[in-house]
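Visitor: Residue numbers (full-length UniProt numbering), protein chains in the order written: chain A, 1 to 482; chain B, 1 to 365.
Each residue gets a CB set at the ideal place from its N, CA and C atoms; glycine is no exception.
Here it is, the structure in full.
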Amino acid sequence: MASEVARHLLFQSHITTKTAHTSSQVSDHEQKQKESPRSLTMSGHVGFESLPDQLVNRSIQQGFCFNILCVGETGIGKSTLIDTLFNTNFEDHESSHFYPHVRLKAQTYELQESNVRLKLTIVNTVGFGDQINKEESYQPIVDYIDAQFEAYLQEELKIKRSLFNYHDSRVHVCLYFISPTGHSLKTLDLLTMKSLDSKVNIIPVIAKADAISKTELQKFKIKLMSELVSNGVQIYHFPTDDETIAKINASMNGHLPFAVVGSMDEVKVGNKMVKARQYPWGIVQVENENHCDFVKLREMLICTNMEDLRDQTHTRHYELYRRRKLEEMGFMDVGPENQPLSLQETYEAKRHEFYGERQRKEEEMKQLFVQRVKEKEAILKEAERELQAKFEHLKRVHQEEKLRLEEKRRLLEEEIIAFSKKKATSEIYQNQTFMTPGSNLRKDKDRKKISNAQPLEGGSRRAGESPQAGNLASGARPVLQR
Amino acid sequence: MDPLRQSPSPSSSEASSPRTLSCERLGYVGIEAVLDQLKIKAMKMGFEFNIMVVGQSGLGKSTMVNTLFKSKIWKSTMPGLRVPMPQTLQLHSMTHVIEENGVKLKLTVTDTPGFGDQINNDKCWDPILGYINEQYERYLQEEILITRQRHIPDTRVHCCIYFVPPTGHCLRPLDLEFLQRLCRAVNVVPVIARADSLTIEEREAFRHRIQDDLKTHSIEVYPQKCFDEDVNDKILNSKIRERIPFAVVGADREHMVNGRCVLGRKTKWGIIEVENMAHCEFPLLRDLLIRSHLQDLKDITHNVHYENYRIIRLKESHALPRGPGWVDLAPAPSPAPGPAPTGTRASPGPAKVCRWAEDNSDEDF
């Protein structure tokens, strides 16, 4: 072993040097970090080559999180493909075609393989492409992705946060299922992909690839890729910067979009049971590279690039969202005089402003409220007064009516009295008139009777008179009674 | 258990996470390949580690650092050289990149010459605390930018090795004060320096006394008991805690012993081998720092100490009076010289601030 070690000043390649951050806190005790770090050779074994293992151990303890979003029409084979990819039967049933809007359904599963725990979240679009008017189809998807970013941003901006404990629900990859028409991309597909490409890593796949023949498939793929490129849709390309996986990634990039077939049914081929779809004219084996690209998809998605997908989501898509969101809220990194503004200052300014605004609005609303109350009170009082007036009026009317009726009654009674008087006088007259002519007749009758009874003429007059008087009296009375 | 660092056990589901179902796999999928992906990514990016050594001059700090990383990080000062003693505490740090088997490590070592060397050592911990907080502040500022860098350069101090002079009695008041303050802000590993001046029995007695002192003053050194996550960690860490503080000897010269070339100190009465467990506990320290707990040190710094600092900082700037100028996010406490108008109030060092920030939730600044 060397006894003396010489220090070499080597050119630093990708170890980043400290950026010259113009902070106002450079003090005398500042370390001289501006020079690029020197490289040192060690004279013995120190042991930090176990560092990646320490990192891996920690990750194993924490577990991994992976979120897949599947976008495609109903019945195109999304759930089956996911089942096949992860070799598990996730509980799911066929969805109906009659949903009025596109909804997103997320399910989280915990998978474990040897010592790796994976929290897998599958988000399915339900009802995509089923509506007659598809204009609003992709908006729910964009909203969902943004909502996940928002949730993460909120957690990050909290004062007391726990990021390492946080269940990361941001979508890491979007599998876009293209239906195997053999012609070109549908307009809906183009629009959706265009609106999603800056928010999520898109991997387009051709679903139900057993419906296309080999030659058609090749042409279809070329057509699709050229359409995507000409429309400026940025799909996810597997990274080719690391030598160990660059070659395989580059070759896979040429096979995009993958033509996949999904199936969980097992069919006996040769002497093994393989996952396949059985047709009268043959058996399409899922894991056979000649039949479809399923194995390639699984390789790329899970075995080779899962970490890169997560990394891209965090460092590119999430950062873009964050920047846009913060700029929208009015934060800037550089103030009006090109002085570096701190997020905190702007935040405080905004807060102050917001409070002032809120205060003002509160005042306004209070005043409005008071005013309204007053108005209402006035109206009510008015109504009350009116009611009172009406009541009075009615009372008066009632009184008048009563008086009038009393008056009438009085008159009526007077009339009755007058009438009875009249009647009395008229009766007297009648009796008097009856006494002269009418009395002769009576007298003769009576004479005859009396003469029959008593042959007294002189006395009959007196007898006749007295019975007449008696008759008159008795006759007068019945008249009155009538 | 400190709620700031809860263990994400596999069967638990936090309130915010959706209902999770456990599924049986029917065959091999290839999920564990993600571990390799992680490794590749980590090796590409390289690792960073920042360490700080604190102790009086002449305790062998620079030698220890050289021995730890087996390279001449510093020129260790020989006693004969007349290096003028610094009048105030200064902080020197140097960055080196070392590589082993494809793993690149960017190592930053910060030295503190002049610590505890003056006649009046009052508040000699302030510059150190200021430096540590400054690194947190830098990271915070980078983190809250709108356009952030892809990888924020991490200059936060991950570990602070405190050298206790081998008096053989107990911790001195300076040590106690310093440890109390620093343990709240950074991971501290105390070591007994120059342990070759103590016999084995003296060493054990000294160690026990120090442990008692630490317990009496409730100083939590690394590995902190409250961060043990599962049973394995507990067992491992308790073993380490029994041996803290390690009695170490540093040496960067090699000598021949029994035909082997070993690092050691040659004296008239023998050669003290650094790597020999019977002689000193240097291997324990090295294993703790580098081989087994390096990632853990970084994690605790990031998840606990940095978060505490952030909470305090963010709360403070809300509590500031909103005057007409409000240029300020309270300026981060600047070290000793220079007026710090709100600095003294803002510095989390002084005893008025409670231990972990969660206790602060009721305390109003």
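Given residue 192 (chain B), which residues of its chain have a CB within under 6 Å of its CB, disregarding the five upstream and five downstream residues?
Guide: If you number the second sequence from 1, residue 192 (chain B) lands on position 192. Answer for residue 192 (chain B): 164, 166, 245 and 247, listed in chain order.
Visitor: With a threshold of 8 Å between beta carbons, is residue 71 (chain B) in contact with chain A?
Guide: Here residue 71 (chain B) is taken as the residue at index 71 of the second sequence, counted from 1. So, interface residue.
Visitor: To the nearest angstrom, report how far apart residue 200 (chain B) and residue 38 (chain B) are at their CA atoms.
Guide: Along the second sequence, read from residue 1 onward, the residue named residue 200 (chain B) stands at position 200. Along the second sequence, read from residue 1 onward, the residue named residue 38 (chain B) stands at position 38. Going from the Cα of residue 200 (chain B) to the Cα of residue 38 (chain B) covers about 44 Å.
Visitor: Is the Cβ of residue 301 (chain B) closer than 8 Å to any Cβ of chain A?
Guide: The residue given as residue 301 (chain B) occupies position 301 in the second sequence. For residue 301 (chain B), the answer is no, since every Cβ of chain A falls outside 8 Å of its Cβ.
Visitor: Going along the segment 192–210 of chain B in order, which residues come within less than 7 Å of chain A, judged by CB to CB distance?
Guide: Residues: none.
Visitor: Closer than 7 Å between beta carbons: that is the criterion. Which residues of the segment 45–64 of chain B meet it against chain A?
Guide: Residues 46 and 47.
Visitor: Count the other C-beta atoms from every protein chain shown that fall within 10 angstroms of the C-beta of residue 220 (chain A), then say buried if there are 16 or more, exposed otherwise.
Guide: As a working mapping, residue 220 (chain A) is identified with position 220 in the first sequence. Label assigned to residue 220 (chain A): buried.
Visitor: Is residue 317 (chain B) close to chain A, meaning its C-beta is less than 8 Å from at least one C-beta of that chain?
Guide: Within the second sequence, residue 317 (chain B) is the residue found at index 317, counting from 1. Closer than 8 Å: yes.
Visitor: So, at 7 Å on beta carbons, what are the nonlocal neighbours of residue 302 (chain A) in its own chain, with the 5 sequence-adjacent residues on each side left out?
Guide: Reading the first sequence from its first residue, position 302 is the one you call residue 302 (chain A). Contacts found: none.
Visitor: Which residues bound the beta strand (DSSP E) around residue 107 (chain A)?
Guide: One-based indexing of the first sequence puts residue 107 (chain A) at position 107. 103–113 is the extent of the beta strand (DSSP E) around residue 107 (chain A).
Visitor: Given this structure, state the Cα-to-Cα distance separating residue 236 (chain A) from residue 202 (chain A), to the nearest angstrom.
Guide: Residue numbering aside, residue 236 (chain A) sits at position 236 when the first sequence is read from its first letter. Residue numbering aside, residue 202 (chain A) sits at position 202 when the first sequence is read from its first letter. Taking the straight line joining both Cα atoms gives about 5 Å.
Visitor: With DSSP as the reference, identify every bridge partner of residue 247 (chain B), one or two as the case may be.
Guide: Here residue 247 (chain B) refers to the residue found at position 247 when the second sequence is read from its first residue. Residue 247 (chain B) is bridged to B:192.
Visitor: Give me the subset of the segment 50–82 of chain A whose CB atoms are less than 9 Å from a CB atom of chain B, sorted by chain position.
Guide: Flagged, chain order: 50, 51, 52, 53, 54, 55, 56, 57, 58, 59, 60, 61, 62, 63, 64 and 66.
Visitor: Closer than 7 Å by C-beta to residue 51 (chain A): which residues in its own chain qualify, once you throw out the five before and the five after it? Chain order, please.
Guide: Taking the first sequence and counting its residues from 1, one reaches residue 51 (chain A) at position 51. So no residue of the chain qualifies.
Visitor: Under 6 Å Cβ to Cβ from residue 65 (chain A), same chain only, skipping five residues before and after it: list those, please.
Guide: Against the first sequence, residue 65 (chain A) aligns to sequence position 65. 119 and 168, listed in sequence order.
Visitor: Starting from residue 62 (chain B), trace the alpha helix (DSSP H) in both directions and tell me its first and last residue.
Guide: On the second sequence, residue 62 (chain B) is found 62 positions in, with the first residue counted as 1. Start and end: 61–69.
Visitor: Mind checking if residue 41 (chain A) is an interface residue toward chain B, Cβ cutoff 8 Å exclusive?
Guide: Residue numbering aside, residue 41 (chain A) sits at position 41 when the first sequence is read from its first letter. Cβ-Cβ to chain B under 8 Å: yes for residue 41 (chain A).
Visitor: Could you spell out the range, first to last residue, of the alpha helix (DSSP H) harbouring residue 127 (chain B)?
Guide: Indexing the second sequence from 1 puts residue 127 (chain B) at position 127. Start and end: 126–143.
Visitor: Rounded to whole angstroms, what is the Cα-Cα separation between residue 269 (chain A) and residue 208 (chain A)?
Guide: What you label residue 269 (chain A) is simply residue 269 of the first sequence in a count that begins at 1. What you label residue 208 (chain A) is simply residue 208 of the first sequence in a count that begins at 1. Those two C-alpha atoms are separated by around 21 Å.
Visitor: Using beta carbons (cut-off 8 Å, strictly below), is residue 326 (chain A) in contact with chain E?
Guide: Among the protein chains of the structure shown, namely A and B, there is no chain E.
Visitor: For residue 258 (chain A) versus residue 296 (chain A), is the C-beta distance shorter than 8 Å?
Guide: For this step, residue 258 (chain A) is matched to residue 258 along the first sequence. For this step, residue 296 (chain A) is matched to residue 296 along the first sequence. Closer than 8 Å, so yes.
Visitor: With H, G and I counted as helix, E and B as strand and the rest as coil, what does DSSP make of residue 376 (chain B)?
Guide: Any answer about residue 376 (chain B) is impossible in this case: the structure gives chain B only from 1 up to 365.
Visitor: May I ask you to report which of helix, strand or coil DSSP gives residue 360 (chain A)?
Guide: What you label residue 360 (chain A) is simply residue 360 of the first sequence in a count that begins at 1. Reduced to three states, the DSSP call for residue 360 (chain A) is helix.
Visitor: Near residue 1 (chain B), which residues of its chain fall below 7 Å by C-beta distance, leaving aside the five closest residues on each side in sequence?
Guide: Along the second sequence, read from residue 1 onward, the residue named residue 1 (chain B) stands at position 1. Confidence at residue 1 (chain B) is low in this model, with a pLDDT of 36, below 50, so its placement is unreliable and the value that follows should be read with caution. Once the five neighbours on either side are set aside, the close Cβ partners of residue 1 (chain B) are 226.
Visitor: Do residue 152 (chain B) and residue 139 (chain B) have their C-beta atoms closer together than 8 Å?
Guide: The residue given as residue 152 (chain B) occupies position 152 in the second sequence. The residue given as residue 139 (chain B) occupies position 139 in the second sequence. Going by C-beta atoms, residue 152 (chain B) is nearer than 8 Å to residue 139 (chain B).
Visitor: Going along the chain, which residues of its own chain have a beta-carbon closer than 8 Å to the beta-carbon of residue 264 (chain A), five neighbours each way excluded?
Guide: Mapped onto the first sequence, residue 264 (chain A) falls at position 264. Answer for residue 264 (chain A): 80, 83, 84, 89 and 275, listed in chain order.
Visitor: Quick one: grab the DSSP three-state call for residue 52 (chain B).
Guide: Numbered from 1 along the second sequence, position 52 holds the residue referred to as residue 52 (chain B). Three-state result, residue 52 (chain B): strand.
Visitor: Tell me the residue span of the beta strand (DSSP E) that contains residue 276 (chain A).
Guide: Walking along the first sequence from the start, residue 276 (chain A) turns up at place 276. Segment 272–279, the beta strand (DSSP E) holding residue 276 (chain A).
Visitor: How is the beta strand (DSSP E) around residue 118 (chain B) delimited, first residue to last?
Guide: Counting from 1 along the second sequence, the entry for residue 118 (chain B) is found at position 118. No beta strand (DSSP E) holds residue 118 (chain B); DSSP gives it neither H nor E.
Visitor: Counting along the chain, where does the beta strand (DSSP E) carrying residue 57 (chain A) start and finish?
Guide: Locating residue 57 (chain A) in the first sequence gives position 57, where the first residue counts as 1. Taken as a continuous stretch (DSSP letters only), residue 57 (chain A) belongs to no beta strand (DSSP E), being part of the alpha helix (DSSP H) at 51–62.
Visitor: In the segment 190–243 of chain B, which residue ranges form an unbroken beta strand (DSSP E) of at least 3 residues, counting only runs that do not cross its ends?
Guide: Here no run is fully enclosed.
Visitor: Where does residue 147 (chain A) sit, in a helix, a strand or coil, going by DSSP?
Guide: Position 147 of the first sequence holds residue 147 (chain A). Residue 147 (chain A) falls in the helix class under three-state DSSP.
Visitor: At a CB-CB cut-off below 7 Å, which residues of chain A make contact with residue 150 (chain B)?
Guide: The residue you call residue 150 (chain B) lines up with position 150 of the second sequence. By Cβ distance, chain A contributes 315.
Visitor: Can you tell me whether DSSP reads residue 227 (chain A) as helix, strand or coil?
Guide: Indexing the first sequence from 1 puts residue 227 (chain A) at position 227. Residue state, collapsed to three classes: helix.
Visitor: Suppose the cutoff is 7 Å on Cβ atoms and the five residues either side in sequence are ignored; what does the same chain contact list for residue 313 (chain B) look like?
Guide: Within the second sequence, numbered from 1, the residue matching residue 313 (chain B) stands at position 313. Closer than 7 Å at the Cβ level, and outside the excluded window around residue 313 (chain B), lie 140.
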